[in-house]
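Asks:
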Amino acid sequence: MSLRPVMVINLTAGEHKDETLFSQVSHYRSWTKYTLTRHTKAVNVLAVSMHRALLLTGGNDNRIVVWSLASGEMIQEIFAPASGFISAITWMDVDDRGETTFAFGASDGNIQVYERIDNVLFQFQSITPGHTGAVESLAWDPVHCRLASAGDGHPHVWNFTSDRTLKTITSQLDKQPYIARTVHFYDNGASLLVSFLESSEVFCYSVEPWDLKWRKKVQGRIGNTALEGNFLLMSNLKDRVDKYMVPTLQHVQSYSHVIIRNVPLQISVARQAGLIFIGGDDGFTRIFNYSTGAFRGQLEHGNPSDQIIPVTSHEGCAGCTVVTGSCFNGHSSVKVWEEDELVRGLNIFCGDI
Numbered sequence: 001m002s003l004r005p006v007m008v009i010n011l012t013a014g015e016h017k018d019e020t021l022f023s024q025v026s027h028y029r030s031w032t033k034y035t036l037t038r039h040t041k042a043v044n045v046l047a048v049s050m051h052r053a054l055l056l057t058g059g060n061d062n063r064i065v066v067w068s069l070a071s072g073e074m075i076q077e078i079f080a081p082a083s084g085f086i087s088a089i090t091w092m093d094v095d096d097r098g099e100t101t102f103a104f105g106a107s108d109g110n111i112q113v114y115e116r117i118d119n120v121l122f123q124f125q126s127i128t129p130g131h132t133g134a135v136e137s138l139a140w141d142p143v144h145c146r147l148a149s150a151g152d153g154h155p156h157v158w159n160f161t162s163d164r165t166l167k168t169i170t171s172q173l174d175k176q177p178y179i180a181r182t183v184h185f186y187d188n189g190a191s192l193l194v195s196f197l198e199s200s201e202v203f204c205y206s207v208e209p210w211d212l213k214w215r216k217k218v219q220g221r222i223g224n225t226a227l228e229g230n231f232l233l234m235s236n237l238k239d240r241v242d243k244y245m246v247p248t249l250q251h252v253q254s255y256s257h258v259i260i261r262n263v264p265l266q267i268s269v270a271r272q273a274g275l276i277f278i279g280g281d282d283g284f285t286r287i288f289n290y291s292t293g294a295f296r297g298q299l300e301h302g303n304p305s306d307q308i309i310p311v312t313s314h315e316g317c318a319g320c321t322v323v324t325g326s327c328f329n330g331h332s333s334v335k336v337w338e339e340d341e342l343v344r345g346l347n348i349f350c351g352d353i
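Going by full-length UniProt numbering, the sequence shown opens with residue 1, and the numbers climb by one from there.
(1) By how many angstroms is the C-alpha of Gln-219 removed from the C-alpha of Leu-173?
(2) Can you give me the start and stop residues for the beta strand (DSSP E) that Ser-67 sits inside?
(3) How far does the beta strand (DSSP E) with Trp-91 in it extend, from its first residue to its last?
(4) Which word fits Thr-128, buried or exposed, when buried means at least 16 other C-beta atoms lie within 10 angstroms of its C-beta?
(5) Could you check what DSSP says for Ser-332 in three-state terms: helix, strand or coil?
(6) Tell me which residues share the same chain as Val-66 and place their Cβ nearer than 8 Å to its Cβ, disregarding the 5 neighbours each side in the sequence.
(7) What span of residues does the beta strand (DSSP E) with Leu-193 cover, start to end?
(8) Going by C-alpha distance, which of Lys-238, Gly-59 and Arg-271 is nearest Asp-281?
(9) Can you tell me whether Ser-23 is buried or exposed? The criterion is at least 16 other CB atoms within 10 Å of its CB, across all chains shown.
(10) In angstroms with no decimal places, state the Cα-to-Cα distance between Ile-267 and Gly-84.
(11) With a cut-off of 8 Å on the beta carbons, I'd call Arg-221 and Leu-197 a contact; round off their distance for me.
(12) Please report the Cβ distance between Thr-101 and Lys-335, rounded to the nearest whole angstrom; I am assuming they are in contact, meaning their Cβ atoms lie under 8 Å.
(13) Using only alpha-carbon positions, find the residue among Trp-337, Pro-247, Asp-141 and Val-252 that is nearest to Pro-285.
(14) Suppose you measure from the CA of Ser-200 to the CA of Ser-326; what does that come to, to the nearest Å?
(15) Measure from the C-beta of Thr-101 to each C-beta in chain C and report whether the shortest distance is under 8 Å.
(16) Quick one: grab the DSSP three-state call for Ser-83.
(17) If you reduce the DSSP assignment to three classes, tell me which class Lys-217 lands in.
(18) Can you say whether Lys-243 is buried or exposed, counting buried as having 16 or more other CB atoms within 10 angstroms of its CB?
(19) Quick one: what's Pro-155 bridged to in DSSP?
(20) Could you pull the start and end residues of the beta strand (DSSP E) that Trp-140 belongs to?
(21) Keeping to the same chain, check which residues put their C-beta closer than 6 Å to that of Cys-204; ignore five residues upstream and five downstream.
(22) Taking the C-alpha atoms as reference points, what is the distance between Arg-164 and Ile-260?
(23) Where Val-246 and Asn-230 are concerned, what is the direct C-alpha to C-alpha distance, given to the nearest angstrom?
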């Protein structure tokens, strides 16, 4: 399979050019490595495994697909028609292999766990009633082997037991009259951050014992979030992604871009590369410089009218892999992108920022 050069970005001048050869200034190139087609409806969620060997995709067609990122081949398909659309997914890194267990949530509110042993196909392990509505978000804490979920106005935290089931440890839940959009473990799993769409609030809970530590308001509504170290990045559903410092929630930076449709665009940070990727509602994913907020280019996924909401990234010394998904019924696709290392001494993939 040949690689198709999409864009060269001159990081010195900040200009964008369609090229196929390296120029004389520092830049990087991005290619589509694979285009993966299996989903027949919108792709909602993506997850790359710890060692970048496997990719999970889930969508409105009630299916999860396991892909090989080395070959682009489909390894397994899990069809769950009774669950409704797949709304959240995460790897559960229970050991250093990092590619043996995952959980997904769906519109029926249930959370299902799958696991494989000795590199055979993933097998169903358990199903847990989690929420009365769709599971909006899942997060994994590898320190304490806990799973967090968000849905119907509140979070849950679950212990992952030895029999591969989930047991809740949250109590006295104060259900909010708003959509609980995302959850993130913070402070090495000792705390949980929960964002609420309409109220523009972020709640921070101590996990054990379960208790509300603080709640604070941010600018604009919260469509989606990404936690990177001590910074929480939020899509405001209007015109930008904002970066806040945790726990003060002081606004420190913005990544401004046009939003045509009011959809919850996903965010992914490639910290070693110094880049942030933001889903789009007009056929492409945007790339920004993480430190300066400057626009760096875009990954052209589909037609101008396509919603490219899901995006995720994974870094290693070989470079940065980015995955994007389209959200149209009937012709949805997943694209895997690879970024070359910078030349002329500007090594953003394995060096320091």
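Built from N, CA and C at the ideal position, the CB exists for glycine as well.
Replies: Here's the rundown:
(1) 25 Å
(2) Note that residue 67 is Trp in the sequence shown here, rather than Ser. First-last of the beta strand (DSSP E) with Trp-67: 63-68.
(3) 86-91
(4) buried
(5) coil
(6) Leu-54, Leu-55, Leu-56, Met-74, Ile-75, Gln-76, Glu-77, Ile-78 and Phe-122
(7) 191-196
(8) Lys-238
(9) Bear in mind that the predicted position of Ser-23 carries a pLDDT of just 26, short of 50, making it unreliable; the figure below should be weighed with that in mind. With fewer than 16 other Cβ atoms within 10 Å, it is exposed.
(10) 24 Å
(11) 6 Å
(12) Not quite, the Cβ-Cβ distance comes to about 26 Å (not below 8 Å), so this is no contact.
(13) Pro is not the amino acid found at residue 285; the sequence shown has Thr there. Of the listed residues, the one whose Cα sits closest to Thr-285 is Trp-337.
(14) 27 Å
(15) Included in the structure is just one protein chain, with no chain C present.
(16) helix
(17) strand
(18) buried
(19) Ala-150
(20) 137-141
(21) Ser-191, Leu-193, Lys-213 and Trp-214
(22) 43 Å
(23) 5 Å
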